[in-house]
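Each protein sequence line maps, in turn, to chains V and W. Under our numbering, think of the first position of the first sequence as 20, with each following residue one higher. Under our numbering, think of the first position of the second sequence as 9, with each following residue one higher. To start, the structure under review is shown below, and the notes come after it.
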Amino acid sequence: MATQDGLETSREGDQQVSRMRGRIFEAMCLAATAIGLVAVGILLLYVTADAIRPFSADPGWHLVFFATLVVPSTGFGLYLYARDGNAGKVAYTALGLGLIGVLLAGALVILFVEIFPYGEWFALSIALAILGAVTVVHRRYRRHAETERTGLLIVTLLVTVFGIPPGAIAELLGLPFYIPSVRGLIASSPVLPLDWIMLVPSLVLPVAAAAGWFVRGRRESNRAGLVTAGAVIVGSVLGVGLGPVVGVGVEGWMLIVLSTAVPLGLYVESVLRRDEGRLGLLFPVVLVGGTLLGAVLTRTLGFAGPDPWLDWGFLTSATSTTPADAGIYPVMVGSIMLLIVIVLTTFPVGVGAAIYLEEYAPSSGLMGRLVTLIEINIGNLAGVPSVVYGLLGLALFVRFFQMPTGSVIVGGLAVGLLILPIIIISAQEAIRSVPDSMREASYGMGATRWQTVRNVVLPEALPGILTGTILAFGRAIGETAPLLMIGMAASVRVPPNGFFSRSGAMPRQIFQWARQFDPAFLNGVLPAGVVTLVFVLLVMNGTAIIIRNRYQRGS
Amino acid sequence: MSTDTQPDITSRPTGKVAREKLYNGIFFLCAALSVAVTLSIVVLLARDAVGFFAAVPPSDFFLGTEFVASKGKFGVLPLVSGTLLVTVLSALIAIPIGVAAAVYLSEYASERMRAVLKPGLEILAGIPTVVYGFFALVYVTPFLRVLGLPVATFNVLSASLMVGIMIIPMVSSLSEDAMSSVPDSLRQAGYGLGATKYDVSTSIVIPAALSGIFSSFILALSRAIGETMIVAVAMGLSPQMLDLSDPLSNVLGNGQTMTSKMVQVVGSELAGSDAGYKSLFAIGITLFAITFIMNLISNRIAARYREEYE
Numbered sequence: 020m021a022t023q024d025g026l027e028t029s030r031e032g033d034q035q036v037s038r039m040r041g042r043i044f045e046a047m048c049l050a051a052t053a054i055g056l057v058a059v060g061i062l063l064l065y066v067t068a069d070a071i072r073p074f075s076a077d078p079g080w081h082l083v084f085f086a087t088l089v090v091p092s093t094g095f096g097l098y099l100y101a102r103d104g105n106a107g108k109v110a111y112t113a114l115g116l117g118l119i120g121v122l123l124a125g126a127l128v129i130l131f132v133e134i135f136p137y138g139e140w141f142a143l144s145i146a147l148a149i150l151g152a153v154t155v156v157h158r159r160y161r162r163h164a165e166t167e168r169t170g171l172l173i174v175t176l177l178v179t180v181f182g183i184p185p186g187a188i189a190e191l192l193g194l195p196f197y198i199p200s201v202r203g204l205i206a207s208s209p210v211l212p213l214d215w216i217m218l219v220p221s222l223v224l225p226v227a228a229a230a231g232w233f234v235r236g237r238r239e240s241n242r243a244g245l246v247t248a249g250a251v252i253v254g255s256v257l258g259v260g261l262g263p264v265v266g267v268g269v270e271g272w273m274l275i276v277l278s279t280a281v282p283l284g285l286y287v288e289s290v291l292r293r294d295e296g297r298l299g300l301l302f303p304v305v306l307v308g309g310t311l312l313g314a315v316l317t318r319t320l321g322f323a324g325p326d327p328w329l330d331w332g333f334l335t336s337a338t339s340t341t342p343a344d345a346g347i348y349p350v351m352v353g354s355i356m357l358l359i360v361i362v363l364t365t366f367p368v369g370v371g372a373a374i375y376l377e378e379y380a381p382s383s384g385l386m387g388r389l390v391t392l393i394e395i396n397i398g399n400l401a402g403v404p405s406v407v408y409g410l411l412g413l414a415l416f417v418r419f420f421q422m423p424t425g426s427v428i429v430g431g432l433a434v435g436l437l438i439l440p441i442i443i444i445s446a447q448e449a450i451r452s453v454p455d456s457m458r459e460a461s462y463g464m465g466a467t468r469w470q471t472v473r474n475v476v477l478p479e480a481l482p483g484i485l486t487g488t489i490l491a492f493g494r495a496i497g498e499t500a501p502l503l504m505i506g507m508a509a510s511v512r513v514p515p516n517g518f519f520s521r522s523g524a525m526p527r528q529i530f531q532w533a534r535q536f537d538p539a540f541l542n543g544v545l546p547a548g549v550v551t552l553v554f555v556l557l558v559m560n561g562t563a564i565i566i567r568n569r570y571q572r573g574s
Numbered sequence: 009m010s011t012d013t014q015p016d017i018t019s020r021p022t023g024k025v026a027r028e029k030l031y032n033g034i035f036f037l038c039a040a041l042s043v044a045v046t047l048s049i050v051v052l053l054a055r056d057a058v059g060f061f062a063a064v065p066p067s068d069f070f071l072g073t074e075f076v077a078s079k080g081k082f083g084v085l086p087l088v089s090g091t092l093l094v095t096v097l098s099a100l101i102a103i104p105i106g107v108a109a110a111v112y113l114s115e116y117a118s119e120r121m122r123a124v125l126k127p128g129l130e131i132l133a134g135i136p137t138v139v140y141g142f143f144a145l146v147y148v149t150p151f152l153r154v155l156g157l158p159v160a161t162f163n164v165l166s167a168s169l170m171v172g173i174m175i176i177p178m179v180s181s182l183s184e185d186a187m188s189s190v191p192d193s194l195r196q197a198g199y200g201l202g203a204t205k206y207d208v209s210t211s212i213v214i215p216a217a218l219s220g221i222f223s224s225f226i227l228a229l230s231r232a233i234g235e236t237m238i239v240a241v242a243m244g245l246s247p248q249m250l251d252l253s254d255p256l257s258n259v260l261g262n263g264q265t266m267t268s269k270m271v272q273v274v275g276s277e278l279a280g281s282d283a284g285y286k287s288l289f290a291i292g293i294t295l296f297a298i299t300f301i302m303n304l305i306s307n308r309i310a311a312r313y314r315e316e317y318e
């Protein structure tokens with residue numbers, strides 16, 4: 020009896036000990052998962068506080084915004100979280116779309132003002148329109164001559180973009196005159212149209228047509244499509260009157276409408292139609308309304324807001340030796356131009372390589388072995404330190420190809436090589452997740468391999484590819500070491516005036532500020548720059564996550 | 009001859025075969041570009057490195073204990089010891105935390121927790137390294153001083169802390185993959201024997217996933233070795249030999265890694281001095297070789313473990 024009792028208690032004790040141990044272990048593991056996140060979260064809070072300086076505001080200012088913005092939005096958010104999961108998702112997506120749209124509008128304005136003037140874009144869009152017209156006409160008369168059509172298109176593209184200059188080629192063809200490029204034609208006209216007039220046919224109409232087409236397909240109604248397209252055009256053209264009044268200018272208004280209002284409108288329409296989580300649409304309204312109300316109230320009550328380092332002046336001026344005047348604008352332009360180079364070079368090559376490895380590559384024989392080697396090599400390249408890519412850029416582009424030191428093109432190519440393996444690997448994963456049955460159905464209908472890739476595999480894999488590439492581009496924006504190695508400029512006062520001119524970049528500028536000893540730089544200008552960079556990255560990552568959530572294959 | 013109204017499925021429209029071949033060729037070139045990248049890294053870096061070793065004997069480079077370009081001294085050892093120190097310290101942080109996080113995510117976490125924690129960890133890896141360097145310099149170093157550690161303005165410790173946090177996601181995500189691919193039958197066998205969740209996690213899942221976990225360590229270490237901006241911003245610019253009699257002074261004082269020396273050399277106007285400039289390539293190819301070999305080893309280990317369960 021006694022022994023049995025002893026046995027019972029000791030076993031119970033054992034169980035308690037092991038249960039205790041299990042709990043402690045679980046808690047430790049959870050703490051380990053969270054510790055990095057918590058540490059970085061606290062650091063990010065510190066940076067934001069340094070950049071915004073919320074404590075320089077009146078207490079009354081805080082009180083007003085607490086009442087108009089924080090309380091309603093938190094309350095509403097908690098309500099949605101607890102009651103209506105779908106509405107929460109809608110709120111999150113609508114807010115995200117708005118943010119992405121505003122950021123995109125800013126990038127487009129910078130693009131048109133600094134890099135690619137409205138006139139150039141107008142000329143390019145006319146050239147593309149001619150190209151489209153040639154394709155349609157040729158397809159009507161000689162439907163099966165596909166090779167001939169490809170050749171014709173290349174010739175048309177060359178002629179419209181470059182023209183046929185007077186000289187050898189014109190004489191060879193026996194032309195009595197030369198053909199100017201579309202751009203030359205526009206430049207030689209006595210009066211240049213206003214910027215916004217060029218923007219209407221070259222950007223507003225295509226976007227309106229695309230939105231109309233999209234709605235027509237979804238609602239299966241021609242009328243809905245026409246109404247949508249009309250609304251887009253009217254909304255954009257309203258900017259002629261309203262843009263200057265609001266203070267963004269006609270072009271600014273149009274770009275904001277096209278990049279923010281159009282996607283947001285389409286999203287709102289789809290939510291209303293599906294009738295799921297409509298309530299979530301109110302969340303952005305609460306936020307914006309609360310902000311406006313707070314702004315009006317604080318102004319009338321005379322409460323002073325904070326005096327942040329990160330303000331409009333910081334975003335629109337160049338760096339300076341005096342901390343108060345320092346800004347980030349020229350390097351922001353530099354970073355956008357870098358990103359253009361990176362996207363244009365790595366996206367096609369990376370996706371092409373992934374298509375080859377997943378769809379074309381033989382798995383046996385000599386070629387099969389070569390393909391295995393390529394795959395191993397790509398995996399290894401993804402682990403090569405970024406500073407080595409910088410060295411490669413220096414040796415290959417600057418010293419071997421004699422490209423200008425520190426120019427946008429060299430920086431873009433060096434960072435592009437760095438993220439290429441990442442893009443290939445993520446695109447491969449996206450392509451691999453397309454079910455084989457879809458390919459087999461396509462082959463079964465007699466499609467060739469390329470037709471299968473183009474019509475079945477790529478459309479199906481596109482969301483996955485986009486998610487991976489956007490994440491990679493986010494990484495590219497923050498890369499600093501390669502830019503240092505190829506000699507990007509430490510401090511620039513003006514935006515680069517072309518892809519071959521020397522430029523700065525946001526992370527490069529942050530590194531430069533980090534080497535200043537002036538505490539006003541270290542604790543003021545630098546945090547403002549860091550917050551700008553991290554904000555751009557978070558929005559890009561958020562975009563990728565939105566795309567992933569929306570199109571994720573149920574696995 | 010078929011008429012246009014009847015689709016002719018046996019004919020091959022002109023150029024179709026040629027076009028297929030063309031696309032095959034273009035896509036192959038895209039894939040083959042990666043090999044060209046590797047080759048050009050090796051060839052271009054080796055060319056200048058060879059030029060460097062013609063001027064400076066390899067023994068001076070690999071065994072020298074001083075790196076002062078202006079005096080013509082190019083000993084890489086102090087840089088290697090700086091790199092080693094950062095790597096070891098950051099591994100001490102990232103390896104236990106990363107493995108514990110992987111255990112939590114793979115064995116304990118509910119779907120809802122995973123949905124929050126996994127993207128969160130991805131964000132840790134997505135923050136630019138120059139930002140981590142700024143954190144180390146402006147916030148972590150003063151914080152360490154508040155704790156009472158006599159750290160220098162630029163010091164190894166805060167840089168290593170940030171490198172450690174940065175590589176946690178590498179350890180955790182790869183280790184978690186390895187743990188999730190341990191077959192459930194092994195776990196159930198453990199539970200059937202009366203084991204608790206703790207026993208199953210520590211005595212069955214971790215040992216079974218060990219090769220995957222090790223391969224994640226190696227990848228994370230190679231990332232730490234190649235990390236540039238954190239150390240360039242927060243660790244200072246003076247190479248220090250590891251002082252084995254007083255390693256604490258190394259940790260609290262400043263130092264320099266191979267990567268940050270490269271950034272410094274290219275940034276200063278050393279470009280005039282030929283040997284100084286070419287030392288860049290000697291360091292670069294050493295770094296490339298170390299990380300490339302580590303990645304290969306990691307792949308090997310990971311490949312071996314994958315075969316075990318399939």
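Backbone N, C-alpha and C define an ideal beta-carbon position, used for all residues, glycine too. Since the model is a prediction, treat every value here as computed from it, not as a measurement.
- Message: So I397(V) contacts chain W; which residues on that side make the cut at Cβ distance below 7 Å?
- Response: Taking the first sequence and counting its residues from 1, the one referred to as residue 397(V) is at position 378. Ordered by position in chain W, the residues that pass the 7 Å Cβ test against I397(V) are S42.
- Task: Within the same chain, show all residues whose beta-carbon is closer than 7 Å to that of M559(V), passing over the 5 residues directly before and after it, in chain order.
- Result: One-based indexing of the first sequence puts residue 559(V) at position 540. If we look at M559(V) and ignore the five residues flanking it on each side, its Cβ neighbours are I489, F492 and G493.
- Task: Following the continuous alpha helix (DSSP H) through G493(V), name the residue where it begins and the one where it ends.
- Result: Mapped onto the first sequence, residue 493(V) falls at position 474. L477 to G497 is the extent of the alpha helix (DSSP H) around G493(V).
- Task: With 7 Å as the C-beta to C-beta threshold (strictly closer), list the residues of the segment 171-184 of chain W near chain V in chain order.
- Result: I173 and I176
- Should the segment 396-407 of chain V be called in touch with the segment 29-44 of chain W, which here means at least 3 C-beta pairs below 8 Å? yes
- Who are V76(W)'s beta bridge partners in DSSP? By 1-based counting over the second sequence, the position of residue 76(W) is 68. DSSP lists K81(W) as partners of V76(W).
- Task: Give the residues from the segment 459-483 of chain V that approach chain W closer than 7 Å (Cβ to any Cβ), ordered along the chain.
- Result: G465, T467, R468 and W469
- Item | Cα-Cα separation between V287(V) and P263(V), rounded to whole angstroms | Taking the first sequence and counting its residues from 1, one reaches residue 287(V) at position 268. Taking the first sequence and counting its residues from 1, one reaches residue 263(V) at position 244. So the two alpha carbons sit approximately 27 Å from each other.
- With burial defined as no fewer than 16 other Cβ atoms inside 10 Å of the residue's Cβ, what is the status of T299(W): buried or exposed? For the purposes of this step, residue 299(W) is identified with residue 291 of the second sequence, where counting begins at 1. By the neighbour-count rule (16 or more Cβ atoms within 10 Å), T299(W) is buried.
- For I505(V), collect the residues of the same chain with a Cβ closer than 8 Å to its Cβ; drop the 5 residues on either side in sequence, then sort them by chain order. On the first sequence, position 486 is the one that residue 505(V) refers to. For I505(V), where only same-chain residues beyond five positions count, the Cβ hits under 8 Å are G409, G412, L413, F416, V417, T424, G425, V429, G430 and A433.
- Task: Please confirm whether any heavy atom of the ligand GDP lies closer than 7 Å to the CB of Q248(W).
- Result: Annotation note on the ligand GDP: not contained in the displayed structure, which lists no ligands.
- Item | Cβ-based contacts, 7 Å cut-off: residues of the segment 51-62 of chain V near chain W | A51, T52, I54, G55, L56, A58, V59 and L62
- Query: When we look at the beta-carbon of G151(V) and count the other beta-carbons within 10 Å, is it buried (16 or more) or exposed?
  - Reply: Reading the first sequence from its first residue, position 132 is the one you call residue 151(V). The residue in question, G151(V), is exposed, as its Cβ has fewer than 16 Cβ neighbours within 10 Å.
- Kindly indicate which residue of S166(W), I305(W) and T236(W) has the alpha-carbon position closest to the one of L145(W). The residue given as residue 145(W) occupies position 137 in the second sequence. When only C-alpha atoms are compared, the closest one is S166(W).
- Query: Under three-state DSSP, which class holds S426(V)?
  - Reply: Working through the first sequence from its first residue, we reach residue 426(V) at position 407. Note: S426(V) maps to strand in three-state DSSP.
- Message: Tell me whether the segment 324-339 of chain V and the segment 66-74 of chain V touch, counting them as touching only if at least three CB pairs, one residue from each stretch, are closer than 8 Å.
- Response: yes
- If you draw a straight line from the alpha carbon of V201(V) to that of S520(V), how long is it in whole angstroms? Looking up residue 201(V) in the first sequence gives position 182. Looking up residue 520(V) in the first sequence gives position 501. Cα to Cα, V201(V) sits roughly 25 Å from S520(V).
- Task: Can you grab the Cα-Cα spacing for the pair M39(V) / V208(W), in whole Å?
- Result: Here residue 39(V) is taken as the residue at index 20 of the first sequence, counted from 1. Here residue 208(W) is taken as the residue at index 200 of the second sequence, counted from 1. Rounded to the nearest angstrom, the two C-alpha atoms are 15 Å apart.
- Of all Cβ atoms in chain V, is any one closer than 8 Å to the Cβ of Y285(W)? One-based indexing of the second sequence puts residue 285(W) at position 277. Chain V contact via Cβ: absent.
- Message: Counting only Cβ-Cβ distances shorter than 7 Å, please list the residues of the segment 326-356 of chain V near chain W, keeping chain order.
- Response: none
- Query: Can you find a CB in chain V that lies within less than 8 Å of the CB of S219(W)?
  - Reply: Position 211 of the second sequence, counting from 1, holds the residue named residue 219(W). So, not an interface residue.
- Message: Among L123(V), L545(V) and V390(V), whose alpha-carbon lies nearest the alpha-carbon of A343(V)?
- Response: Residue mapping note: residue 343(V) aligns to position 324 of the first sequence, counting from 1. For the residues L123(V), L545(V) and V390(V), the minimum Cα distance to A343(V) belongs to L545(V).
- By the criterion of Cβ-Cβ separation under 8 Å, what are the contact partners of L229(W) in chain V? Within the second sequence, residue 229(W) is the residue found at index 221, counting from 1. Chain V residues near L229(W): none, gap ~11 Å exceeds 8 Å.
- Message: For a test of the three-state rule: what should DSSP assign to I205(V), helix, strand or coil?
- Response: Here residue 205(V) refers to the residue found at position 186 when the first sequence is read from its first residue. I205(V) falls in the helix class under three-state DSSP.
- Determine, using beta carbons only, whether S37(V) comes closer than 8 Å to chain C. No chain C appears in the structure shown, which is made up of the protein chains V and W.
- Task: At 8 Å on the CB atoms, spell out the chain V contacts of K79(W), in chain order.
- Result: Within the second sequence, residue 79(W) is the residue found at index 71, counting from 1. Correct list: empty, because the minimum Cβ distance to chain V is about 24 Å.
- Message: Is G263(W) close to chain V? Criterion is C-beta to C-beta, closer than 8 Å.
- Response: Here residue 263(W) corresponds to residue number 255 of the second sequence, with the count starting at 1. It does not; no Cβ of chain V falls within 8 Å.
- Item | Proximity below 8 Å, CB of G309(V) to CB of S92(V) | By one-based count along the first sequence, residue 309(V) stands at place 290. By one-based count along the first sequence, residue 92(V) stands at place 73. Contact: yes.
- Message: Tell me which residues share the same chain as P282(V) and place their Cβ nearer than 7 Å to its Cβ, disregarding the 5 neighbours each side in the sequence.
- Response: Along the first sequence, one-based indexing puts residue 282(V) at 263. So the qualifying residues of the chain are L116 and G120.
- N163(W) versus chain V: which residues are under 9 Å apart at the beta carbon? For this step, residue 163(W) is matched to residue 155 along the second sequence. Per Cβ cutoff of 9 Å: no residues; N163(W) is ~15 Å from chain V at best.
- Do you know whose CA, among L385(V), D77(V), D537(V) and T67(V), lies nearest F143(W)'s CA? The count along the second sequence starts at 1 and reaches residue 143(W) at position 135. For the residues L385(V), D77(V), D537(V) and T67(V), the minimum Cα distance to F143(W) belongs to T67(V).
- Item | Distance CB(Y116(W))-CB(E45(V)) smaller than 8 Å | Walking along the second sequence from the start, residue 116(W) turns up at place 108. Walking along the first sequence from the start, residue 45(V) turns up at place 26. Yes.
- Message: Three or more C-beta pairs under 8 Å: does that hold for the segment 130-137 of chain W against the segment 160-177 of chain W?
- Response: yes
- Message: Does chain W have any CB closer than 8 Å to the CB of M504(V)?
- Response: As a position in the first sequence, residue 504(V) is number 485, starting the count at 1. Closer than 8 Å: yes.
- Query: Are the Cβ atoms of T486(V) and R567(V) separated by less than 8 Å?
  - Reply: Position 467 of the first sequence, counted from the start, is the residue given in the question as residue 486(V). Position 548 of the first sequence, counted from the start, is the residue given in the question as residue 567(V). Against a cut-off of 8 Å, the Cβ pair of R567(V) and T486(V) comes out as a contact.
- Could you tell me whether the Cβ of E288(V) comes closer than 8 Å to any Cβ of chain W? Position 269 of the first sequence, counted from the first residue, corresponds to residue 288(V). No, E288(V) does not count as interfacial toward chain W.
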